[in-house]
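One structure below.
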Amino acid sequence: MAELKRNLTLVSTLLILLQLCSIVSCTTSTSITRNNTIRDGDTLISEEEVFELGFFSPKDSTLRYVGIWYKNIEPQTIVWVANRERPLSDHNGTLKLADDGNLVVVDGENNTVWSTNVPPKLNDTVAVLLETGDLVLSSDSDRDTRFWESFNNPTDTFLPGMRVRVNPTSGENRAFTPWMSETDPSPGRYSLGIDPIGPPEIVIWEGETRKWRSGPWDSVIFTGIPDMSRVTNYIYGFKLSSPPERDGSVYFTYVPSDSSDLLRFQITLDGVIEQFRWNKDAKSWTLLLLKPSTECEKYNRCGNYSVCDESKEFGSGKCSCIDGFEPVNQNLWDDGDFSGGCKRRVPLNCSQSLREDEFMELRGMKLPDFGSFVSLRNSETCKDVCVRDCLCNAYAFVRGIGCMIWTRDLIDMERFQHGGQSINIRLAESELGGKENSKLWIIILSVIGAFLLVLCIWILCKFKKRVKAILWRNKHLPVFEENKDYSVKSSSSTSQVLVGGLVDTPDFPIFSFNSVALATGNFAEENKLGQGGFGTVYKGNFPGDTEIAVKRLSGKSKQGLEEFKNEILLIAKLQHRNLVRLVGCCIENNEKILLYEYMPNKSLDSFLFDEGKRGSLDWKKRWYIIGGIARGLLYLHRDSRLKIIHRDLKSSNILLDKEMNPKISDFGMARIFNYRQDQANTIRVVGTYGYMAPEYAMEGMFSDKSDVYSFGVLILEIVSGSKNFSFRGSEHGSLIGYVSFS
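Okay, here's the thing in C-alpha cells:
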C-alpha cells in the first residue's frame, strides 16, 4: 500500500513537471536580444498586445513560417511573412540575432533560411515588434537608429504607417505581392506599388502587364477613384511625401483619422486590392474598398482611344470610340472584342500648320495612362505647349497636379457618373467643323432652315383645314356615332364625356366603342389576355398591324369613374421607358375603356410563378427587370413633373415588352403629391395586402416609402420565384416573414 502511494506521488510530480515544461516552452517576449531568442512555440508581442510574431503553418499545410499577425483576432490574420520562399519542414526553427547582428531564421541544424542581410557587421542590435505591426532591427543603445524594418520589406499587406516607396531615378519600386495560394505564402504572380513613370499613382501588375491603376494623385484623392471624395473617412488618410527625399524617391503613407481603428489593405491571390476594417462588435473584418470591382476598372478594357462607361447596361455598349475615332477592326468590335481599340478617322495636320488642329473637351473622365507633368500655371499655357508639340494627343490642367500632356496613345480611359477630370483631345480641324468649313455650314443650315419654315407653314395650313372639317362634322354627328370603321373622336368632344374636362390635351385620342369592339373581335374570348380586380384585358388590332391592349371596365368593376379619370390624367402626362404608354380611351354609356400599348410577354407574374416559364428568367434578366422597375419608380417619385405615389405596385402590374423591358402599369390607385409633401392619409385603404406597407394598411398613411416597401416585396418575389402569399399557413406567414426568420 505504501509503495502504491509512492508511485502515485511520483506520477503526480512528473505531470506537474510536464506542465511546467510546456509553460516554459510557450513563452512570450517583447524583444529579441542575443540572450533571448524565439523558438517555434514562443511569440514576440507588441507593447499593447495588438500584434504578435511567431511561427505558424498556413491552412492545410505542415510547413512552418515566421510571420506577424493580429494577436487577439480569430481567425488568424497574417500581415507579414519572413521566410515565405524557404519554409521550415518541422518545429525546430528559431528566430534569433546572429553573430553579425542580423536577425535570422535558422532550422534545427542551425542553417540560415532567412536573414535581414544588413551590412556591415552590427554588434549592438535588438529586434522589437512595434504597436504598428512593424518589426524593427535597431541599435540597443539608441533605438532611433534603425538598421532594418519589416515595413520596408512588405509581403501582401499594407498597414497604416507603412511607406510605399518608389525612386523614378534608380527605378527602385517597393512592391507588395500576394501569396501564391492559401496554403503557400511564396510570392504570387501579381504585384502592387507606385508607378515609376509619370505622376505618382498606385498600379497592380501581373508580371510586367498592368492590370489596374488608381489614376494620378491630386493631393486629396487618386483621380481614378472619384468615390474617395464621397465615401467614409476610412478611405482618407493617404499622404504623399512632398518634396521628394534627397535620393529623389517619393512615397505614399496612410494615417487613419482614428488611430484605434484596425485597418489593412491587402492584395489578393487574384490581383485585387481590398481594404478592411475590424468590426469590434461583430468580431469580423468589414470590406471597405475593392479595386478593380467593375469591368471598366480593368486596365484598358476598351483598347486605345476609346472610353469605357459602366453606366451602360450591356457589354457592347460599355465601350465607345472617342469622337473623331473609329474601331481599328469593325468586325471584331461588333463581336465584342475591343482589344484592338480605335484609330483616328482624320490624321492630324500639325506638321503642315500650327493652326490646323482643334481640341475637344471630355468631362468626368479617368485620365489616360502615361501622362507627363509640365510645370505651368494655367490651362492656356498648358494648351500652348500641347499645340506646339506635334506628338501631343491631349492635355489637361488638373487641380492639385497642374499641366499634364499625353504624347503616347490614349489608353485606359473611363467615364464616371460622378467626379472625374476634364481632358482636351486633339483632333483634326475638319472633325470639329473648322473655320474653313464653318461658312459653308452656315449657308447649308440657312437653306435647310428656310425650307423647314416653308414646310411648317404648309403643314399648318393643312392642319387648320382638317380641324375645320372635324369641327363641322362634330356639329352634325353624335359624339359616339356607330359606324363600321375605326373612327377616332377628336379631343374637342372630350369635355362632353369626361366630367370636368379631365382630358384637355388636343392630341389625346377618344375612340368610339364600335371601333374598340371591332379591334377586339367584339371582345372575343380568344383575344382575352387576363382579368383583374378592375376589369378584363383584351388584345386588339388596328389597321396597319397596330397591336393594342384594351382594358374594359364593367359596371361591376371595383374601379369607379374617379379611379378611371385618375388613371387617364396620370398616364397621359407621363413619358418614361419603364412606364406603360396610354394610347387612348373610350367612354360611352356605361362603358369605360382604356387602350394601352400591347405587351407581348404579358405581366411579370406570368413568368415568375409559372414552372414552365421561370427558367427563361436567368439572373441577368432578373437583375435587368429589377433595375427597370427601380428606374420607373424613381421617375414617378423624383424625376417627373408630378410626384406620384403608385400605391399598388405588384408583379401582376409589371408588364414586359418583347425585349423583356419592364413597364409599370395600373395607375388607378395612384395619387399626386406636390414636391413639398412627404405623406398623406386616407380612410379608404386600397391596394393588395402583402404588398402594402404596414403604416398604410393599418393607419391609411402613405408616401413614397409605401411604394419602396412594395418594391422590396417585389424584389423578394423576383429573386426567390415565390409568391408573397405562398407561405400563408406556415409558421412564417409570408415571404417577408420567411426571409426575416432565415
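Residue numbers -26 to -1, 1 to 716, in mature numbering (1 follows the signal peptide of the UniProt record, and there is no 0), belong to the letters of the sequence shown in order.
Idealized CB from N, CA, C, for every residue including glycine.
Between the Cα of residue i and those of the options, spot the shortest distance and give me the residue it belongs to.
| i | options | result |
| --- | --- | --- |
| I619 | A667, G664, S680 | S680 |
| I600 | N627, L688, T520 | L688 |
| D592 | S694, P668, D519, C559 | S694 |
| Y570 | V24, A523, L578 | A523 |
| T4 | V100, N66, V92 | V100 |
| L406 | I296, G504, R351 | I296 |
| F299 | K185, E180, F390, G277 | G277 |
| G606 | N488, L582, I545, L568 | I545 |
| N66 | E123, L37, E269 | L37 |
| P190 | R184, T183, G172, I178 | G172 |
| S20 | R612, E180, I6 | I6 |
| F647 | K617, F676, I638 | K617 |
| D579 | K697, A493, L503, L608 | K697 |
| E271 | P218, L306, P342, F226 | P342 |
| Q50 | D74, D631, M643, V24 | V24 |
Keeping to the same chain, check which residues put their C-beta closer than 6 Å to that of residue i; ignore five residues upstream and five downstream.
| i | result |
| --- | --- |
| Y228 | P134, G211, F212 |
| K70 | T11 |
| F699 | G664 |
| E455 | Unreliable positioning characterises E455 in this predicted model, as indicated by a pLDDT of 34, which lies under 50. The coordinate reading is nonetheless provided below. Hits under 6 Å: none found. |
| S223 | R139, N141 |
| V320 | A402, S404, E405 |
Return helix, strand or coil for residue i, following the three-state DSSP convention.
| i | result |
| --- | --- |
| N501 | helix |
| V511 | strand |
| F239 | strand |
| K617 | strand |
| Y228 | strand |
| G167 | strand |
| I199 | coil |
| K292 | helix |
| F699 | helix |
| A491 | helix |
| E48 | coil |
| A671 | helix |
| E271 | helix |
| G558 | strand |
| V302 | coil |
In whole angstroms, what separates the C-alpha of residue i from that of residue j?
| i | j | result |
| --- | --- | --- |
| L429 | I417 | 18 Å |
| A498 | N564 | 19 Å |
| Y512 | V554 | 16 Å |
| E48 | N147 | 33 Å |
| I176 | R621 | 49 Å |
| L709 | L690 | 8 Å |
| E330 | N323 | 6 Å |
| P483 | F196 | 56 Å |
| E26 | K45 | 5 Å |
| G374 | L336 | 19 Å |
| L214 | G198 | 16 Å |
| G589 | I603 | 20 Å |
| F250 | N126 | 21 Å |
| H550 | G514 | 23 Å |
| A491 | W432 | 36 Å |
| F538 | I638 | 17 Å |
| K257 | I178 | 30 Å |
| W122 | V92 | 7 Å |
| V557 | S489 | 14 Å |
| K547 | A644 | 13 Å |
| K587 | N627 | 18 Å |
| L306 | E284 | 21 Å |
Between residue i and the rest of its own chain, which residues show a CB-CB distance below 8 Å, the 5 nearest in sequence each way excluded?
| i | result |
| --- | --- |
| Y39 | F29, F30, S31, P32, V55, A56, N57, R58, P61, L62, P159 |
| M634 | N575, K595, Y598, I599 |
| K286 | K292 |
| N253 | W259, T260 |
| P174 | V140, I168, P190, W191, L214, V224, F226 |
What does a CB cutoff of less than 7 Å around residue i pick up in its chain, not counting 5 residues either side in sequence?
| i | result |
| --- | --- |
| A149 | S165, L166, G167 |
| Y683 | A667 |
Residue i: beta carbon under 6 Å from a heavy atom of the ligand NAD?
| i | result |
| --- | --- |
| V140 | Here there are no bound small molecules, and the ligand NAD is not part of this structure. |
Checklist entry - Do the stretch 312 to 319 and the stretch 371 to 381 touch if we need at least three Cβ pairs shorter than 8 Å? => result no
Checklist entry - Touching or not, the stretch 228 to 247 and the stretch 258 to 272, by the rule of three or more beta carbon pairs under 8 Å? => result yes
Checklist entry - Taking contact to mean at least 3 C-beta pairs separated by less than 8 Å, is the stretch 117 to 131 in contact with the stretch 234 to 243? => result yes
Checklist entry - Is there contact here, the stretch 364 to 375 with the stretch 387 to 397, by at least three beta-carbon pairs under 8 Å? => result yes
Item to check | contact_flag[the stretch 111 to 120, the stretch 83 to 100] where n(CB pairs < 8 Å) is 3 or more | outcome: yes
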